[in-house]
Amino acid sequence: MEAKPKATPVDDSLKETSPNIGGGRVTGGEKLTTSYDLVEQMHFLYVRIAKAQNLMLTNTMTCNPFVEVKIGNYKARTGQCKNAYSPEWNQVFAFEKGRIQATSVEIVVRDKEYVSDDFIGKISISVSDIPTRVPPDSAFSPEWRKLEGKNQFKDGELLMVLWYGTQADEEYTEAWHPNTGVVSGESMLNTFPRVYLSPKLWYLRVIVAAAQDLVLRDRGRKPEVFFKAILGDVVLRSKISDDKSVNPKWKENMIFVAAEPFKNSSLILSVEDKVGPNKEECLGRLILPMDTLDTRKAPGAMSQKWYNLKRDFSGPAKKQDNVVKFASKLQMTVYLDGTYHVFDEPAYYSSDLRPTSKTLWPRTIGVLELGILSAEGLVPMKNRGGFGATDAYCVAKYGPKWVRTRTVFESFAPKWNEQYTFEVYDLCTFITIAVFDNCHLQAGDEARRLRDRRIGKVRIRLSTLETDRIYTHSYPLLVLLPNGMKKMGAIQLAVRLTCPSMNELLASYTRPLLPKMHYIQPLSVHQLDILRHQAAYVLCQGLRRNESPLRKEVVEYMLDTNSHVWSLRKAKANAKRLNVFLDSFAGVKKWFDKICQWKNPVTSFLVCCLFAVIVCHPQLVLPTLSLYLVVVGIKNYRKRPRHPPHMDAKLSHADVVSLDELDEEFDPFPTAQQGELLRMRYDRLRSIAQATQAMIGDLATQGERMQSLLSWRDPRATFLFVNFCLIAGIVFYVIPLRLLIIGSGWFVMRPPRVTIHIPPIPMNFFHRMPTKLDSMM
């Protein structure tokens with residue numbers, strides 16, 4: 001018996017909310033004109049500390065000043081400026097107005113190394129005297145203020161400014177939010193809101209045709225030549241050429257994923273000779289700088305070129321520069337292909353389907369606005385001071401644009417209220433929003449080795465949204481853990497899709513989903529899968545080079561890089577989806593069986609009459625079917641979905657998955673298990689593969705039986721079938737087709753009293769046809 005997790009009810013439903021956005025609750029087709037109208041307005045007290053001057057002390061020759069800002073129990077401090085009497089900080093602090101209970105703000109300047117009395121001076125400002133800024137008004141100009149102290153300085157002044165603002169203020173993204181010592185100074189950059197752009201990805205094609213005049217050490221043997229291409233950390237090898245000579249030929253088409261900028265990166269090509277089981281000899285080498293390669297920005301053929309190879313020598317023939325130019329050449333086509341879309345996400349969850357070349361991009365059809373409001377009910381993700389804590393932030397991705405909200409410290413109900421905008425080129429795309437716990441708040445090597453922990457993810461398909469409508473819902477954050485599915489909380493989002501031209505929007509449904517080259521020269525599924533993982537790796541490398549990096553674990557979770565991993569849970573879920581689809585056909589069959597069994601004689605009689613009318617007037621078939629579909633569509637309009645889709649635990653089979661199946665799903669590749677457990681899982685996988693094998697075999701058998709009707713594999717059966725076809729042709733010619741169809745239909749729907757419950761003759765004949773199964777071992 002497999003262990004089952006405790007069946008605890010999990011509320012994974014989608015809940016509509018009524019946040020105070022845009023001056024009130026907005027529904028339907030109402031339009032708003034103000035920016036930040038999809039989030040609740042948050043008020044902050046901003047304190048900008050620019051610089052100071054004249055901080056010369058009377059009893060010391062050094063001054064290492066820093067500034068402390070105190071508002072009640074909240075305290076923030078700038079960095080330290082060493083040996084500076086006129087230091088510059090240019091730092092902004094943001095204090096949430098709703099939490100301020102003090103009547104004044106104190107700005108204190110201190111000297112870090114002044115032991116006896118580190119106090120230099122201070123400025124006290126009443127909270128009621130602080131002005132309010134309303135964008136798009138210009139920012140307040142900083143002003144010089146005299147420092148009040150104990151006469152330890154001469155004319156010390158501080159350039160600063162205070163004002164009340166909202167998250168729409170441009171200083172919001174760079175403001176330091178006060179914390180209780182959770183974040184060290186150098187790690188504060190990891191908590192700021194940021195907008196990222198993915199590096200532009202290209203497919204790099206290397207098509208090698210032939211090599212010429214290769215020089216071998218042992219000219220008495222037939223060479224086994226192959227070539228190797230290296231780009232960054234990716235190494236691809238060709239097959240050994242069938243032409244065992246110094247002029248080998250290949251038919252190889254290698255594809256890499258390359259990211260801009262191309263400066264300081266090169267493609268390394270080498271021709272190798274396999275001289276032993278584990279020994280290879282380089283026959284020539286070529287280094288091509290990436291920024292010198294040709295680019296294909298429109299469909300068309302690229303020309304081949306001959307490239308000179310270089311070879312490194314060792315031993316007696318060694319030259320001083322260790323490199324000798326040879327007449328050996330390599331014929332190939334190398335170019336950056338911008339006519340394809342470089343997949344970095346699973347194709348069925350993609351947020352962008354445009355090709356790399358900007359000249360091939362379709363026109364923008366609309367704008368997607370996302371308001372990340374808040375979360376609630378988050379679970380503790382770490383232990384701090386003996387208590388559970390969560391430092392949550394959100395990441396959203398659509399197309400090449402990534403956004404990250406600020407980190408809210410030590411809160412299980414964080415409020416972000418940040419709004420972002422994305423350009424939309426195709427509605428058949430997805431936006432992904434995920435919540436993470438920030439584990440990079442402290443300095444040191446140990447903190448760098450930590451990984452931000454995932455809290456949950458939401459995925460929304462844009463085509464399921466109505467235009468000019470604001471969707472405000474609370475989405476459950478569900479995560480599958482080794483001990484079962486767990487609800488980590490809920491995130492509240494506001495989403496609006498705006499499309500100015502309805503004609504352009506509807507016309508987009510007629511365009512191909514992928515760029516033209518995906519249909520002219522399609523890549524195989526296996527190729528796309530390998531290239532997608534290359535693209536994900538390249539994006540991880542590119543996004544972590546930012547000043548405030550998006551870390552590898554975040555990028556991989558957003559791109560769903562492990563979607564290809566074997567999972568018995570997913571296999572069961574997909575089988576259930578298929579069964580639900582087939583049940584619709586089964587329902588039609590059940591209805592027809594009732595008609596044939598005459599359980600309701602009136603309905604059966606009317607169906608027989610309708611069948612005869614349609615056969616006698618075949619021109620009514622298509623109009624009748626079309627009108628029927630119209631009626632069904634109008635009927636289903638009242639039952640249309642009112643909410644965007646969300647993660648469904650029942651559909652994903654996550655609510656009933658066993659612990660052993662989860663352990664297998666989280667098992668790395670290659671497996672870390674061994675012994676009896678691995679044997680049990682292997683036997684289980686064999687049983688599943690056995691059923692799949694039998695199903696595929698049955699489908700192949702039916703197809704081969706159809707081919708055997710005229711193949712004379714069974715001469716008697718083919719003789720009977722050919723004669724039957726001859727007689728049928730004569731009958732179809734003599735008897736009107738309408739009468740034949742009506743007679744056949746009435747025969748099938750005849751009452752049970754005159755029905756013989758054995759398989760019909762055509763079915764018996766078909767099942768006797770030979771197949772290639774007889775030749776299987």
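When we follow full-length UniProt numbering, the leftmost residue of the sequence shown carries the number 1, and every step to the right adds one. Ideal Cβ positions, reconstructed from N, Cα and C, are used throughout, including at glycine. Keep in mind the model is a prediction, meaning the values are calculated, not measured.
Reference residue i; option with closest CA among the options
{"i": "Y349", "options": "T561, G388, H526 and I372", "result": "T561"}
{"i": "L478", "options": "H646, V657 and D233", "result": "H646"}
{"i": "K382", "options": "D291, V722 and I455", "result": "I455"}
{"i": "L373", "options": "E418, A102 and N764", "result": "E418"}
{"i": "M160", "options": "A52, Y74, S245 and H177", "result": "A52"}
{"i": "V615", "options": "L737, T718 and A536", "result": "L737"}
{"i": "N764", "options": "A717, K772 and R750", "result": "A717"}
{"i": "F611", "options": "A728, M749 and C540", "result": "M749"}
{"i": "R285", "options": "R713, N278, D12 and V215", "result": "V215"}
{"i": "K358", "options": "K297, K329 and N636", "result": "K297"}
{"i": "G371", "options": "E704, L197 and V39", "result": "V39"}
{"i": "K228", "options": "E252, D243, R219 and N247", "result": "E252"}
{"i": "I71", "options": "P87, Y46 and I100", "result": "I100"}
{"i": "D12", "options": "W416, A434, K305 and P476", "result": "P476"}
{"i": "L360", "options": "S303, P299 and Y420", "result": "P299"}
{"i": "A507", "options": "L427, Y164, G156 and G22", "result": "L427"}
{"i": "K165", "options": "D155, L45, E556 and I107", "result": "Note that residue 165 is Gly in the sequence shown, not Lys. The candidate whose alpha carbon is nearest that of G165 is L45."}
{"i": "P752", "options": "P623, G703, P601 and H767", "result": "P601"}
{"i": "W712", "options": "F95, P261 and T771", "result": "T771"}
{"i": "I125", "options": "W144, L162 and R133", "result": "L162"}
{"i": "L559", "options": "A575, Y682, V395 and R640", "result": "V395"}
{"i": "T472", "options": "A691, R642 and Q693", "result": "R642"}
{"i": "L378", "options": "F436, W402 and F343", "result": "F436"}
Secondary structure of residue i, DSSP reduced to three states
{"i": "W566", "result": "coil"}
{"i": "G276", "result": "strand"}
{"i": "I460", "result": "strand"}
{"i": "Q331", "result": "strand"}
{"i": "K244", "result": "coil"}
{"i": "C608", "result": "helix"}
{"i": "T27", "result": "Residue placement at T27 is poorly supported in this model, since its pLDDT is 41, which falls under 50; the coordinates still yield a value, given next. T27 falls in the coil class under three-state DSSP."}
{"i": "M160", "result": "strand"}
{"i": "S104", "result": "strand"}
{"i": "Q167", "result": "coil"}
{"i": "E556", "result": "helix"}
{"i": "N600", "result": "coil"}
{"i": "H767", "result": "helix"}
{"i": "P618", "result": "helix"}
{"i": "D111", "result": "strand"}
Per-residue burial, residue i [other beta carbons within 10 Å of its own, 16 or more giving buried]
{"i": "I688", "result": "exposed"}
{"i": "G366", "result": "buried"}
{"i": "T429", "result": "buried"}
{"i": "F747", "result": "exposed"}
{"i": "F724", "result": "exposed"}
{"i": "L578", "result": "exposed"}
{"i": "R551", "result": "buried"}
{"i": "V613", "result": "exposed"}
{"i": "residue 778", "result": "Absent from the model: residue 778. The displayed extent of the chain is 1 to 777, so no value can be given."}
{"i": "P769", "result": "A small fix is needed here, since residue 769 is Met in this sequence, not Pro. M769 comes out buried."}
{"i": "V555", "result": "buried"}
{"i": "A434", "result": "buried"}
{"i": "R532", "result": "buried"}
{"i": "K15", "result": "exposed"}
{"i": "T432", "result": "buried"}
{"i": "D583", "result": "exposed"}
{"i": "W306", "result": "exposed"}
is_contact[residue i, chain B] using C-beta, thresh 9 angstroms
{"i": "R99", "result": "No chain B appears in this structure, which consists of one protein chain only."}
**Prompt:** Hey, is the stretch 334-346 in contact with the stretch 202-216, meaning 3+ C-beta pairs nearer than 8 angstroms?
**Reply:** yes
**Message:** Under 8 angstroms: do the stretch 483-492 and the stretch 645-664 share three or more Cβ pairs, one atom per stretch?
**Reply:** yes
**Prompt:** Counting Cβ pairs, one atom from each stretch, are 3 or more of them under 8 angstroms apart for the stretch 255-264 and the stretch 226-237?
**Reply:** yes
**Asked** Can you list, in chain order, the stretches of the beta strand (DSSP E) that have 3 or more residues and sit fully within the UniProt domain "C2" (183-307)?
**Response** If we require 3 residues or more, the beta strand (DSSP E) runs fully inside the UniProt domain "C2" (183-307) come out as 194-197, 201-212, 225-231, 234-237, 249-259, 266-276, 279-289 and 294-296.
**Request:** Can you check the stretch 472-537 for any beta strand (DSSP E) of at least 3 residues that lies completely inside it and give the ranges in chain order?
**Result:** If we require 3 residues or more, the beta strand (DSSP E) runs fully inside the stretch 472-537 come out as 484-498.
**Message:** Count Cβ pairs between the stretch 184-198 and the stretch 434-444 that sit closer than 8 angstroms; are there 3 or more?
**Reply:** yes
**Item:** Inter-stretch contact (C-beta, 8 angstroms, three-pair minimum) for the stretch 410-417 and the stretch 385-398
**Value:** yes
**Request:** Enumerate, from N- to C-terminal direction, the unbroken alpha helix (DSSP H) stretches of 4 or more residues contained entirely within the stretch 642-714.
**Result:** When DSSP assignments are scanned along the stretch 642-714, the uninterrupted stretches of alpha helix (DSSP H) that are 4 or more residues long and fall wholly within it turn out to be 659-665 and 676-708.
**Prompt:** At a cut of 8 angstroms, does the stretch 167-181 reach the stretch 133-140 through at least three beta carbon pairs?
**Reply:** The stretch 167-181 is in contact with the stretch 133-140.
**Message:** Count Cβ pairs between the stretch 101-111 and the stretch 64-82 that sit closer than 8 angstroms; are there 3 or more?
**Reply:** The stretch 101-111 vs the stretch 64-82: in contact.
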